[in-house]
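Numbering (the working numbering), first residue to last: 47 to 284.
A virtual CB, placed ideally from N, CA and C, is assigned to each residue, including glycine.
One structure is given below, encoded as structure tokens.
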Amino acid sequence: MAYKYETIADSLRQSIRSGKYEPGELMPDQNKLAAAFDTTRITIHKAIQLLIIEGLVYSKRGAGTFVRKDFRIREHHQETLIDKPLGTTQTNRGKKVTSKVLELQARLPTKWEAEKLLIDEMDPVYVIRRVRYVEGKVWAYEHTIMPTNIVMLTRKVLGGSVYGYLEKESGKRIAGSHRIISAARATQDDVEAMGATLDEPILVINQISYMDDGQPFEVSESHFPYQTSRVVADVQVH
């Protein structure tokens with residue numbers, strides 16, 4: 047059963063895609079939307095957060111929420127919304143999954159990171175770099191930024207499933223992620239982390255993931271060896 051904020055987000059999403067709200071247009075304020083959907087301002091805020099994560103709208107402090115001017119271009123290129131990110135451990139259930147932690151530190155976020163995570167620029171974040179292995183072979187090289195107030199992380203935790211630990215400790219469900227999948231050339235970091243050959247092709251996934259209350263909990267970039275990587279998608283034509 048969908049949360050009410052998800053149902054509202056679906057309705058607003060359809061209004062944007064149908065042209066009711068044009069690219070660049072200022073949307074009704076949250077109080078008006080709350081009245082229109084007979085709900086609370088908090089619920090509307092969560093729905094708006096979900097659309098921000100998906101790249102359909104953006105908010106300007108003191109001005110309101112606007113439809114992104116480039117959202118039709120983003121739709122045309124079909125940036126993929128993956129509803130249930132599973133993580134390496136769940137994706138490879140039944141196999142031996144291990145990790146090599148390269149970095150775990152805390153610092154203040156950049157302006158871009160704060161905007162994507164919907165946090166203040168004075169709220170500290172974790173910087174996490176690790177290599178994931180499946181049955182002893184390189185699966186991915188991950189670089190993740192995560193707010194420190196989400197959960198307490200240690201190198202021991204990073205050795206296992208962060209997603210599993212996060213759901214257990216927070217009591218919340220991981221609801222989804224916004225992913226951009228692309229190709230790139232291996233850098234020196236990939237050579238050192240994964241044993242890749244410099245400039246050989248790699249698969250790159252940039253991702254923003256969020257909990258079932260609409261709060262983003264990570265921005266990440268993962269690199270995958272081309273030899274073992276593939277993307278499978280089911281496309282339904284209406």
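Within the segment 143-176, complete beta strand (DSSP E) segments of at least 3 residues are found at 143-153, given in chain order. In this structure, Ala152 lies away from Thr200, with their beta-carbon atoms at least 7 Å apart. In the assembly as shown, Tyr256 is a buried residue. Its beta-carbon has 16 or more other beta-carbons within 10 Å.
The Cβ atoms of Ala230 and Glu246 lie no closer than 7 Å to each other. Only residues of its own chain outside the window of five on either side were considered, and among them Ala152, Arg153, Leu154 and Thr194 have a CB closer than 7 Å to the CB of Pro170, listed in chain order. For Val277, there is no enclosing alpha helix (DSSP H), since its DSSP letter is neither H nor E.
Taking the Cβ atoms as the reference, Leu148 lies roughly 6 Å from Arg176, within the contact range of under 8 Å.
DSSP lists Leu249 as the beta-bridge partner residues of Phe270. Apart from the 5 residues on each side of it in sequence, Val277 sits with its Cβ closer than 8 Å to the Cβ of Ile227 and Leu249 in its chain, given in chain order. Boundaries for Ser216: no beta strand (DSSP E) harbours it, while the alpha helix (DSSP H) harbouring it runs Val208 to Ser216, taken from the DSSP string. In this structure, the straight-line span from the alpha carbon of Gln136 to that of Ile251 is close to 17 Å.
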